[in-house]
Structures are given as structure tokens and as C-alpha cells.
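Take the sequence shown: its letters are residues 789 to 1059, numbered as in this note's numbering.
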Amino acid sequence: MDFFASYFVQNALIASFFLSISAGIIGSIIVANKNVFMAGGVAHSAFGGVGVALFFGVNALFGAMIAAVLMSLFMVYASFKHSGRLDTFIAAFWAFGMAVGIIFIDMASGYKINIESYLFGSLIFTTRQDLWFIIGFDIVLVCLVAMYYREVLGILYDQEFCTLKNLKTHFFITMIFVLSSIGIVLGMRSGGLVLIISIVSIPAYIAMMMTRNFKWQLVVSTLLCLVFMWVGFFISYYYELASGACIVLCAMGAFIVAMCIKSLMQRIRYE
């Protein structure tokens, strides 16, 4: 009972619940669209926003969001104008964001220890302000996906057909990229920019193996995110380990089990 009575634990559990919603939806979108590398580029470029925000004494999450949105808009532009070189642009801004973040953090005083929570994640440091950011984004994300579900589904699986049908392809791709970037930044609270790619993509990939229906994939991915976050957080709390690493290890363990079951089922099917 003492565990649940802690203010920080309550914040962490509530935050992980709402983070799992955005992580499950965003993860399903980027896995279906095969843009997992983009998630890494956004997370690492957002580190530049964290450094600049800490240097000027403003909310680091807000700074990371601005950097991530700018990165996502650039990637939309690059995907249309330089689609063959998109991976090169992502890699370049990946390194640029990290470099900017490191420089500004070095110039800022008093943040060298706390910055580990942004690199490796720490749900225990989630503030009420962060929580309201996450809840607000979840509401916007769920509403937009529900309103434009068919359009989003079409963009994810057959972009060329959507273009031929005069769908506002550019608008919806921009919306997907911007929402994904914000969701990834918010997810940095759980796994940090180093581990967020795994936390977002692994549950979505497991969900994809479990169901072929995209709606159910969103639901299953969200539930898996929640389970991994809570189990990983409990383990990290009791054994005094990094919560982000524990969450990723839980997710990876489930991923290995899912792959083994899938391989076994395929063997049985073809025998």
C-alpha cells in the first residue's frame, strides 16, 4: 500500500496509462508505414530541443516538441522532394540534434544529472504539467484518427492509389508525421530517446503478428504498451533499476516469445 501511496508512483502509473495510448497508436502507424527509422531520427533530433529549452530555462518537453515537429515537417518535405535520400537526411539531422543538445546542455548549469531521464527515461520524474500534455495529446490523437481513419489507413497501405483518387495525400502525410513526432517525444518519458524506438515499435509489431485488422492492432498494441510499462516500472522500482531499460527488456522478452510462437505455428501449418 505504501508503494501506491507515493505521489511520484501515482504520477508514473497514470502517465504510463496515457502514454500507452499514444505509443500504441503511433507505434502501429509507423510500423505499418515502415517508418521506424524515422522515429529514431525524431527522438534524437528532439534532444536538441531539450538542450535549448534547458539552457533558456523553459519546459524541456515543450522544447523537444518544437524540435520534433520541425524535424517531421522537414521529413515530409524530403519525402516528396528527395525520397531516394530520405534516410541520409534523417541520419544527418539525427546527429545534428544530438550535437546541438549536448552543446546547450554543457552551457546550461545544474542539469547534467537530470538529463539522464531524457536519455534513458524515468517515469518517476513525470510532472503534473507533463501529464496534462500527454492527456491533451491523447484526446487530439484519438479524435483525429477516428475522424480520418479511412484516409489514414489508405495512406499507410496504398499511398499511390490515394493520390490517384485525389485524396489530400500531402495533408494526411504531414498530419501523420507531426502526430508521430509529438507522440515519440511524449514517449521519451518512458524510455528516453535512446530506447523509445523499441518501446513504440515492439508492441506494435507483436500486435501486427496477432491480428490482421488495423483497428484491433491499435487496441492490442496499446494494451501491450501498458503491460510492458507497468511491469517494467514495478521491476525498476523494487530493484532500483532504470525504468526505461526494464520496460524495453519486458517488451523484448515478449517479442522473442511471440516470434517463437509464430515460427512454431508456421511449422505446424506446413507439416
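Quick reminder that beta carbons are idealized off the backbone N, C-alpha and C, glycines included. No experiment lies behind these values; they were computed from the predicted model shown.
Asked	Found
Count the other CB atoms, across all protein chains shown, that sit within 10 Å of the CB of residue 736; report buried if there are 16 or more and exposed otherwise.	As shown, the chain starts at 789 and ends at 1059. That puts residue 736 outside it, with no answer to give.
In angstroms with no decimal places, state the Cα-to-Cα distance between residue 811 and residue 944.	17 Å
Let's test the definition: count the other Cβ atoms within 10 Å of the Cβ of residue 1051 and tell me whether it reaches 16, buried, or not, exposed.	exposed
So, under 8 Å CB-CB, residue 833 and residue 885 are touching, yes? Tell me the CB distance rounded to an integer number of Å.	3 Å
Just to confirm before moving on: does the CB-CB distance between residue 962 and residue 816 stay below 9 Å?	no
May I ask you to verify whether the stretch 830-845 touches the stretch 853-867, counting CB pairs closer than 8 Å and requiring at least 3?	yes
Check residue 852 in the structure and name its three-state DSSP category.	helix
Can you tell me the Cα-Cα spacing of residue 939 and residue 947, whole angstroms?	10 Å
Just mark residue 875 as buried or exposed, buried being the case when its beta carbon has 16 or more other beta carbons within 10 Å.	exposed
Answer yes if the stretch 1009-1029 comes into contact with the stretch 1038-1046, meaning at least three C-beta pairs across the two stretches below 8 Å, and no otherwise.	yes
Comparing C-alpha positions only, which one of 821, 1001, 809, 863 sits nearest to residue 975?	809
Let's test the definition: count the other Cβ atoms within 10 Å of the Cβ of residue 927 and tell me whether it reaches 16, buried, or not, exposed.	exposed
Any idea if residue 827 is buried or exposed, counting beta-carbon neighbours within 10 angstroms, 16 or more meaning buried?	buried
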